[in-house]
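Protein chains in written order, with the working numbering: chain A, 1 to 417; chain B, 1 to 100.
Printed below as a string of structure tokens:
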């Protein structure tokens, strides 16, 4: 793998940047692999990388129906945080944030992880109590989070309206300083390049149409338009399309797929230092390094695989943004898009084994999968390699929906649905 | 924006008048205490999450307030049919063939 550094940049400048090598080859499928991962998003590519690096399994293919990182990895609003209420979730997401800290060095690719802080606003007495409960729970779990007065929030984020005559005045906020954003495409590209360098095949434009099982029930491979690819183990990391793929292996999932939309404004000079979220007024916003305001809120109300949403949700989202930031009222919006998110009944992910031998699943991240990328990838690789879940992802089993041990995580969404 | 025909009001109204209420024709078991954990899970949590024609419940919240069912395609958002709650599930395959 060609090493990226300031020195290599200078060196290549002398040859007018004409000799950079391709970051990863577009592979054709081999007849058989030890592990086939379905879905080349950040989670799937990351899992392939950690399988090769930490478990010595590099006879791995990542199979993708579209293009690499073209699903929810490239459609999210890039927010990273770990201020979740329950012990299980706090451990899971903080594990991911730990890995985010060193990810750029780990894969030698700048993912632009920026710890600019995530602020969650309180507008009512109930908000104050709920947010403070989260703060206390977080601190007990070693997750950083602190309470701010409205004035402190305004100091941190000058465009915020904290006037008492606002319809929903800001009464305070929680701040996780270690939280922030990263460049989502770079995460997929970085993992892809690092995984390919360790021998992983990345096969794009290759939808899996069927998961094949032997007479003993164990998985034997996948069917694709490029032919049958045999595999000893298969991991499904396909976000919104998980139900469809798992159905072909005879496993019915507790998932529903919804459209989640996001939009960006025209680019402006830096004016919004961190990420601001409001559960009550119901939207969240940050500013990208290019200067666009990145805005999102909840899912559309009905299930959909269309990757596009309706305008009523956009109108609702922008009304909330204008309420909190009257200064942005005249901003023009540049682009909007949607992704298919797989939502579980308890709003927590499913990461572990399935009733089928050799079949593993990583899904149910719903509206908050990006922040978990390195953690989910790392734990999925562990689960595949050892055929048992890591202690961190053990509570996130598919089995919990039968035992009733749900992880009912209302904080799973940046804003509630 | 979906334009939805309420089978009670017998007219088309914009999506914002309605609330989505999940997959249709999921019958609550007569005696839940007799069910195994797996069967209870299936009733509570497992959904078809179909990529294609999906039968679902809606409520005309800002109109007549009543629940009804709808057959909608989850990729194209085309609505095939709406019908009153309590009516049997239509034969979707046949409906698609006659309507396309």
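Glycine included, every Cβ here is placed at the ideal spot set by N, Cα and C.
Within chain A, no C-beta atom comes less than 9 Å from the C-beta of residue 69 of chain B; the nearest is roughly 13 Å away. Identification of chain B residues near residue 402 of chain A by a Cβ-Cβ cut-off of 7 Å yields 37, 38 and 41, ordered along the chain. Take residue 199 of chain A, set aside five residues on each side of it, and the residues of its chain with a beta-carbon closer than 7 Å to its own are 52 and 58, in chain order. A contact between stretches requires three or more CB pairs, one per stretch, nearer than 8 Å, and the stretch 310-319 of chain A fails this requirement with the stretch 157-168 of chain A. Neighbours of residue 16 of chain B across chain A, judged by C-beta separation under 8 Å: 312. Excluding five sequence positions before and after residue 78 of chain B, the CB atoms of its chain that fall closer than 8 Å to its own CB belong to 72, given in chain order. Residue state for residue 174 of chain A is assigned as strand, using DSSP reduced to three classes. Burial is judged here by how many other beta carbons sit within 10 angstroms of a residue's own beta carbon; residue 91 of chain A has at least 16 and is buried. Here residue 125 of chain A carries a helix assignment [DSSP, helix/strand/coil]. For residue 23 of chain B, the beta-bridge partners assigned by DSSP are B/56. By the neighbour-count definition (other C-beta atoms within 10 Å, threshold 16), residue 371 of chain A is a buried residue.
Interface criterion not met: the Cβ of residue 336 of chain A is under 8 Å from no Cβ in chain B. Exposure of residue 10 of chain B is indicated by the presence of fewer than 16 other C-beta atoms within 10 angstroms of its C-beta. When Cβ-Cβ separations below 8 Å define contact, residue 61 of chain B makes no contact with chain A. A straight-line Cα-Cα distance of about 15 Å links residue 139 of chain A and residue 97 of chain A. The DSSP assignment places complete alpha helix (DSSP H) segments of no fewer than 4 residues inside the stretch 365-398 of chain A at 373-386, in order along the chain. Around the beta carbon of residue 88 of chain A, a 10 Å sphere encloses 16 or more other beta carbons of the protein chains shown; the residue is thus reported as buried.
With 16 or more neighbouring CB atoms inside 10 Å of its own CB, residue 365 of chain A falls in the buried class. CA-to-CA, the gap between residue 194 of chain A and residue 108 of chain A works out to about 8 Å.
Under the DSSP assignment, residue 335 of chain A falls in the beta strand (DSSP E) whose first and last residues are 333-343. Chain-order list of chain B residues neighbouring residue 255 of chain A: 47 and 49, by C-beta distance under 8 Å. The stretch 74-141 of chain A is shown to contain whole beta strand (DSSP E) runs of 3 or more residues at 118-122, in chain order. Judged by DSSP secondary structure, residue 306 of chain A falls outside any alpha helix (DSSP H); it is assigned neither H nor E.
CA-CA distance, residue 59 of chain B to residue 402 of chain A, rounds to 29 Å.
Among the bridge pairs identified by DSSP, residue 69 of chain B is matched with B/57 and B/83. Residue 215 of chain A has a beta carbon lying at 8 Å or more from every beta carbon in chain B. Residue contact with chain A for residue 1 of chain B: present (Cβ-Cβ distance below 8 Å to some residue of chain A). By the 16-neighbour rule on beta-carbons within 10 angstroms, residue 14 of chain A is exposed. In the DSSP annotation of this structure, the continuous segment of the alpha helix (DSSP H) that includes residue 193 of chain A starts and ends at 184-197.
Annotated as distal: residue 39 of chain A and residue 69 of chain A, with beta-carbon spacing of 8 Å or more. Listed by position along chain B, the residues whose Cβ is nearer than 8 Å to that of residue 345 of chain A are 44 and 45. Contact check for residue 118 of chain A against residue 275 of chain A passes: the beta carbons are separated by less than 8 Å. Taken through DSSP and simplified to helix, strand or coil, residue 23 of chain A comes out as coil. Scanning chain B for C-beta atoms nearer than 9 Å to the C-beta of residue 405 of chain A yields nothing, as the closest lies near 11 Å away. Nearest to residue 225 of chain A by C-alpha distance, out of A/236, A/210, A/235 and A/232, is A/210. Within chain B, the residues placing a beta-carbon under 7 Å from that of residue 244 of chain A are 51, ordered along the chain.
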